[in-house]
């Protein structure tokens, strides 16, 4: 077997009676490496590769005296060069194909079967050939996992109802955070963005759903291991793999390349190996649809011909009219609009690995990963502002529905706006790690693991230009069909004479995450069936984000010169109509935007004049303006964790019942330092001062996993553990942020406690045939500490913040006390609960005759429920009345302002939790041809708190259908055709859990990929 196998045999003596091929999957990696795609070896080298975590899931669960099902070890016992096209199954007449997708299923089931803890895996079908084009979309096939998409691609995952911030991700055994800048907002938290990496760079993903003392802490949801190549696991000599595909999106009508390749070499004596892989993709996708930018209440100038104030448009006192009250307290869309979002994305990924095993007892590994994700996001919108400017708008022909929504109205003196937004960004990710695996004796070994990673997400350009027509007549909207509103502009929205360039914005930013990790892991085989593991660790995580602004409203004041160029004489704010001056003439600064197929009904206006970014930037000299610091978007966190663990792994039999178990304790000391910016007015000048708060805390985290084996094909599992997730990075800032568009102030709290919970798991698994399993798992988490948001209403002055921190381009900048503010702050809550069930069935149809035996399927369902208490600002219930001086009779306050948003306590599910999720895959695979179709359903879920009186906001249900076809022209060459989102599923987002008001309804089109792959 060679020197590497000899060393491995010594490592496995304490588990005598178990095949080395099976134990490779549980011992050589963190229940991951089996996963070395087409490089599945028939032996392992001493120690554990640096790219995987050797500690978790190392107790093999196949008990002594019960050999593993032959079909269950097919993939692990053969390299891709030696795996036969068919192998015998339990029945002497059955024939099972174990290539491609079936090999992937084999290896993934082995990972699950050979672990004491609850583990699921996705394994590459071959070298640089992952089952899906996107890592998150592969993960959603696992029971208990749902994904959130951005621009039609999977971006973040939810595990058993717990959102992305509750999941820790390790790349080659090292915890890291990859932060993308795409999406409606960039990720500035602990969540991992899976769309940063091309899937071809990885050979396996392993999801650890239950905790172990030897497994990194920090997750209430799961620990996810992403693993790249292992050169010593491949064949001797050179291996070269390449693939080329062309992608096409039927909405954007654009093509893009997708390229991948791998070159590896392994010495003849098996002691030295090198591998280099790369992947490149370029896509240009389009998102079309509508957006309300939330719904709100507001007091109008007149309703149905009834004046609401004694003076039109501005000034006067409220008339105390019932019809005006009714319209003001109903919810209307804040910015009803249709538009397009174009996503130009480019990914480049490179991995490298060097492994050296000079003796049968020593192995040294060095792994590197580089990824660059560039994107240009361009948005164009045609809209009307019903946000803090209702006072000048007259509404007629209106309808209020049963949910108190002003779903239909005609507006005069409307504030028509068109926008053009451009963001250019780049995320660069670097990681360098290494490990030293050493067998000290036949029974004692250690692994020393360390590394560094950095994710640098920069947005040098985030620009918006705005055209306004502030006295448009005859505009109408109709949200009778909430998802497909009819928006009709009564005046021309393509004539430059009707528009003025009223606002300019640019908000560059940068977010940097760094991880440094050092770990020592030891294993001691005390006796047969009894092993002790112990280790220590140090991690340092730093998070820095900074935001800047070049925003300006051209005419922010009543009269005077503009603040951009100083060449324009602005009108007083009492002047309305076509002669009012509030911006630069649109003239030659615009371009025509035609909407396209956004799901709009007939009669909707689809052509608009929008600002031209280049022309407007040159005219206003936007990029020459000195940026100012955005106080709320500039903060940092430094987190150092030190600790260790001790774990006991045992196996044996009790009263004839075979079992395997691990139990231990993990200790973690966390030291945090949070820095934000505190703003204050000193001598009439705003002074920004860094404010830093430090704290530390300790956690003792016991964990136990047990597996019982009533028969050779049935496994019963149980687990209990104390787990934690550290607080959200955005909540730890000592400072605060100001949202002048929604009149909302959010403060941080650097003294938040971690999310701590006790987790319980039970599972039953029946491996009833090759590539087959039926399993049921139930789980419960008692979350003892849970961050909640306290909300109150108040004036801006009550916050203690200076007026200068209000964004200059927001409505609040000109009227900071125009309405009451919603003031939020996170606090340590009382806790929450979560419980659920996973059901999974997977089988190949090997019992059927003829070609039907080449079919198989995977199906799973997840049911989760949870309960947590939230505090939010509910709807306003009254409009203030005018008050008068009792002596003079003069007006003291004019009235006509919405009352305070009452603080409302509400019980709901955890954010990101879908109560139901279903996944199904039907596949066919023979020696040359394979086909696969997949369906994924996710029920609605709450995504977070809302504002302007809405209770929560979130996403409605989604249903995605994908398919792929592959054909082998020769043993070395394969052609393929793939399609994603074949039903062109819309992404529907809502605001207010009860009323389910439209927030957005967009679609991204279908994407097809055609190409070829070779291996030699």
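Numbering (the numbering used here), first residue to last: 277 to 1292.
Note that CB positions come from ideal geometry on N, CA and C, so glycine has one too.
Predicted model only: the values in this text are computed from it and were never measured.
Query: Secondary structure of residue 1095, DSSP reduced to three states; Result: coil
Query: Distance, residue 808 Cα to residue 417 Cα; Result: 34 angstroms
Query: Contacts around residue 677, its chain only, beta-carbon distance under 6 angstroms, and the 5 residues preceding and following it disregarded; Result: 683
Query: Start-end ranges of the beta strand (DSSP E) lying completely within the stretch 496 to 541, minimum 3 residues; Result: 498 to 503 and 513 to 525
Query: Beta strand (DSSP E) runs wholly inside the stretch 1134 to 1213, at least 3 long, in chain order; Result: 1167 to 1169, 1179 to 1184 and 1192 to 1201
Query: Burial state of residue 961 (16 or more Cβ within 10 Å); Result: exposed
Query: CA nearest to the CA of residue 1270, picked from 382, 825 and 1183; Result: 1183
Query: Per-residue DSSP class, three states only, for residue 493; Result: coil
Query: Proximity of residue 1210 and residue 1242 at Cβ, strictly below 7 angstroms; Result: no
Query: Exposure of residue 542, with buried meaning 16 or more beta-carbon neighbours within 10 Å; Result: buried
Query: Given residue 777 as reference, the closest of 597, 1108, 449 and 867 once Cα atoms are compared; Result: 867
Query: Cβ neighbour criterion (16 or more within 10 Å) applied to residue 976; Result: exposed
Query: Collapsed DSSP secondary structure at residue 235 in the structure displayed; Result: Residue 235 cannot be examined here, being either before or after the span of the chain that is shown, 277 to 1292.
Query: Beta-ladder partner(s) of residue 982, from DSSP; Result: 937 and 994
Query: Any alpha helix (DSSP H) of 4 or more consecutive residues that is wholly inside the stretch 729 to 758; Result: none
Query: Rounded straight-line distance, which links the Cα of residue 512 to that of residue 544; Result: 6 angstroms
Query: N- and C-terminal bounds of the beta strand (DSSP E) containing residue 887; Result: 883 to 887
Query: Backbone secondary structure at residue 441 - three-state DSSP; Result: helix
Query: Exposure of residue 934, with buried meaning 16 or more beta-carbon neighbours within 10 Å; Result: buried
Query: Sequence ranges, beta strand (DSSP E) only - wholly within the stretch 380 to 428, length at least 3; Result: 395 to 399 and 421 to 426
Query: Within 7 angstroms, strictly: CB atoms of residue 701 and residue 735; Result: yes
Query: Backbone secondary structure at residue 828 - three-state DSSP; Result: strand
Query: Residue span of the alpha helix (DSSP H) that contains residue 605, given as start and end; Result: 598 to 605
Query: Enclosing beta strand (DSSP E) for residue 1033 [first to last residue]; Result: 1031 to 1042
Query: Three-pair Cβ contact test at 8 angstroms for the stretch 739 to 753 versus the stretch 777 to 791; Result: yes
Query: Alpha-carbon to alpha-carbon, residue 1114 and residue 1322; Result: The question about residue 1322 has no answer, for the chain in this structure spans 277 to 1292.
Query: First and last residue of the uninterrupted alpha helix (DSSP H) at residue 1087; Result: 1087 to 1090
Query: Residue 772 in three-state terms, based on DSSP; Result: helix
Query: Sheet register partners of residue 1244 (DSSP bridge); Result: 1250
Query: Proximity below 7 angstroms, CB of residue 483 to CB of residue 382; Result: no
Query: C-alpha gap between residue 423 and residue 437, whole angstroms; Result: 11 angstroms
Query: Where residue 901 sits in the DSSP three-state scheme; Result: coil
Query: Assumed close pair residue 1007, residue 1025 - CB separation to whole angstroms, cut-off 8 angstroms; Result: 6 angstroms
Query: Given 8 angstroms, three or more beta-carbon pairs between the stretch 1030 to 1044 and the stretch 994 to 1005; Result: yes
Query: Reference residue 820; option with closest CA among 848, 874, 915 and 760; Result: 915
Query: Opening and closing residue of the beta strand (DSSP E) in which residue 552 lies; Result: 548 to 567
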